[in-house]
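Residue numbers (the working numbering): 14 to 218. The C-beta atom is built at its ideal place from N, Cα and C for all residues, glycine as well.
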């Protein structure tokens, strides 16, 4: 199939004007996060496997529905990996090192997408306005600073200074310009931690 957007052409568009609120309002202390809504009955990612004893061909069947839709730009890409030792075919995601959902000569596999509570918030007390140290128990721990460059179409890049604690980055701070922004919150997110999903996928293939 030909790509929806022809190769060699820039995808140009006019950005919509976004109104900026006068103040960002949220509970200051403690940070209150609304509980995740319960999914509707029957909703969610799923995998179904049917034994070969119950199919016409005698072969087992795997049906994988990760509930990750079709988008533009595309989230899914078809992939086939063939070597002298084996061959695998299926679908992958940008940045993935292998086939996320697919099959080889011996097995088929798939993944499911779950809505999980994967974030913790920590109230940060800095030692002073330099934000070079923060209170942790009875001691002051040093912070790290990272400059994030955010490129904006047709404008100069925005340089954002992010303060990092051992929990993770300070996400809510004085730069938000809120009248109530006198508290700093650091985010601990499982995405920032090491994991072995890619190793598992590679082992399956």
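{"query": "Whole-number beta carbon distance between residue 181 and residue 153, since they are thought to touch under 8 Å", "result": "18 Å between Cβ atoms; not a contact."}
{"query": "The region 120-128 contacting the region 64-77, beta-carbon criterion three pairs below 8 Å", "result": "yes"}
{"query": "Cβ separation of residue 29 and residue 132, assumed to be a contact under 8 Å, to the nearest whole Å", "result": "So it is not a contact: roughly 28 Å between Cβ atoms."}
{"query": "The region 137-154 touching the region 172-187, judged by at least three CB pairs closer than 8 Å", "result": "yes"}
{"query": "Residues sharing a beta bridge with residue 95, DSSP", "result": "100"}
{"query": "Cβ contact check for the region 89-97 and the region 162-173: 3 or more pairs under 8 Å", "result": "no"}
{"query": "DSSP-derived helix/strand/coil call for residue 212", "result": "helix"}
{"query": "Reduced DSSP secondary structure (H/G/I, E/B, other) of residue 111", "result": "coil"}
{"query": "Residues that residue 153 bridges to, as DSSP identifies them", "result": "148"}
{"query": "Nearest-angstrom Cβ-Cβ length linking residue 111 and residue 31, presumed shorter than 8 Å", "result": "Contact doesn't hold; Cβ gap of about 38 Å is too wide."}
{"query": "CB contact flag (residue 136, residue 196, <8 Å)", "result": "yes"}
{"query": "Rounded separation between residue 104 and residue 83 - CA only", "result": "12 Å"}
{"query": "Three-state secondary structure (DSSP) of residue 143", "result": "coil"}
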